[in-house]
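Visitor: Residue numbers 93 to 208, in our numbering, belong to the letters of the sequence shown in order. Below: one structure in structure tokens.
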Amino acid sequence: MQQGTALPPTRTAVSILPLPPLTELSNYQTRGITCVWCGIGLSARKAVDLGPRKLRGGGVTRWFPRGCRPCAREKAYLALFAHASLCNTGRRVAADICPTGRDLYRLSRDGRWQQL
């Protein structure tokens, strides 16, 4: 892959990022128009796709949250530390050994899923 080519995150890495409770989010946040964490308006260039999430209630509903790069960086940074302490590949989670750790590391560095 060429440098700067976007890589899709693994489902595990995306699912590690904690989201606020849905009941605390605005309609714009649940629709991906604004950041799920800080509420800032998002454009295609500013948004980080956080992957589909499932809601359980009267049935199963899917929603597609998005966040701004600064918030996604911060959440990925914190998730990387939490993941490192539990990862079964040891302490080398940012290396190629652990795809989840690698993806969290990339997101924590530049706020998007991109090959470094």
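No residue lacks a Cβ here, since even glycine has one placed at the ideal position from N, Cα and C. Because the structure is a prediction, the values reported are computed rather than measured.
#1: Looking at Arg161 and Thr140, is the spacing between their C-beta atoms short of 7 angstroms?
#2: For the beta strand (DSSP E) that Cys160 lies in, which residues bound it at each end?
#3: Taking Arg154 and Arg145 to be in contact with their CB atoms under 8 angstroms, please state how far apart those CB atoms are, rounded to whole angstroms.
#4: In chain order, what residues of the same chain lie with their CB nearer than 8 angstroms to the CB of Ser118, ignoring the 5 residues before and after it?
#5: Classify Lys146 as helix, strand or coil using the three-state DSSP reduction.
#6: What's the gap between the Cα of Ser135 and the Cα of Arg123?
#7: Quick check: Pro157 and Leu111, are their CB atoms within less than 7 angstroms of each other?
#8: Run the CB neighbour count on Ala174, radius 10 Å, all protein chains shown included, and call it buried at 16 or more, exposed below.
#9: Is the beta carbon of Gly159 closer than 7 angstroms to that of Leu147?
#10: Write down the C-beta distance between Ala168 and Leu109 rounded to the nearest angstrom, noting that I regard them as a contact closer than 8 angstroms.
Guide: Walking through what the data contain:
#1: As a working mapping, residue 140 is identified with position 48 in the sequence shown. As a working mapping, residue 161 is identified with position 69 in the sequence shown. It is worth fixing the name first, because residue 140 is Val in this sequence and not Thr. The answer is yes: Cβ separation under 7 angstroms.
#2: Start at 1 with the first residue of the sequence shown, and residue 160 comes out as number 68. Unbroken beta strand (DSSP E) run through Cys160: 158-160.
#3: Start at 1 with the first residue of the sequence shown, and residue 154 comes out as number 62. Start at 1 with the first residue of the sequence shown, and residue 145 comes out as number 53. Between Arg145 and Arg154 the Cβ distance is about 7 angstroms, and since that is below 8 angstroms, they are a contact.
#4: Here the question's residue 118 lines up with position 26 in the sequence shown. Correct list, in chain order: Thr126, Gly131.
#5: As a first step, residue 146 is located in the sequence shown; it is residue number 54 there, counting from the start. Strand, per DSSP.
#6: Locating residue 135 in the sequence shown gives position 43, counting from the first residue. Locating residue 123 in the sequence shown gives position 31, counting from the first residue. Looking at the two C-alpha atoms, the distance is approximately 13 angstroms.
#7: Working through the sequence shown from its first residue, we reach residue 157 at position 65. Working through the sequence shown from its first residue, we reach residue 111 at position 19. A Cβ-Cβ contact shorter than 7 angstroms links Pro157 with Leu111.
#8: Within the sequence shown, the letter at position 82 stands for residue 174. So Ala174 ends up on the exposed side.
#9: Translated into the one-based positions of the sequence shown, residue 147 becomes position 55. Translated into the one-based positions of the sequence shown, residue 159 becomes position 67. No, they are not a contact pair.
#10: Counting from 1 along the sequence shown, the entry for residue 168 is found at position 76. Counting from 1 along the sequence shown, the entry for residue 109 is found at position 17. Going by Cβ atoms, the distance from Ala168 to Leu109 rounds to 6 angstroms, so yes, they are a contact pair.
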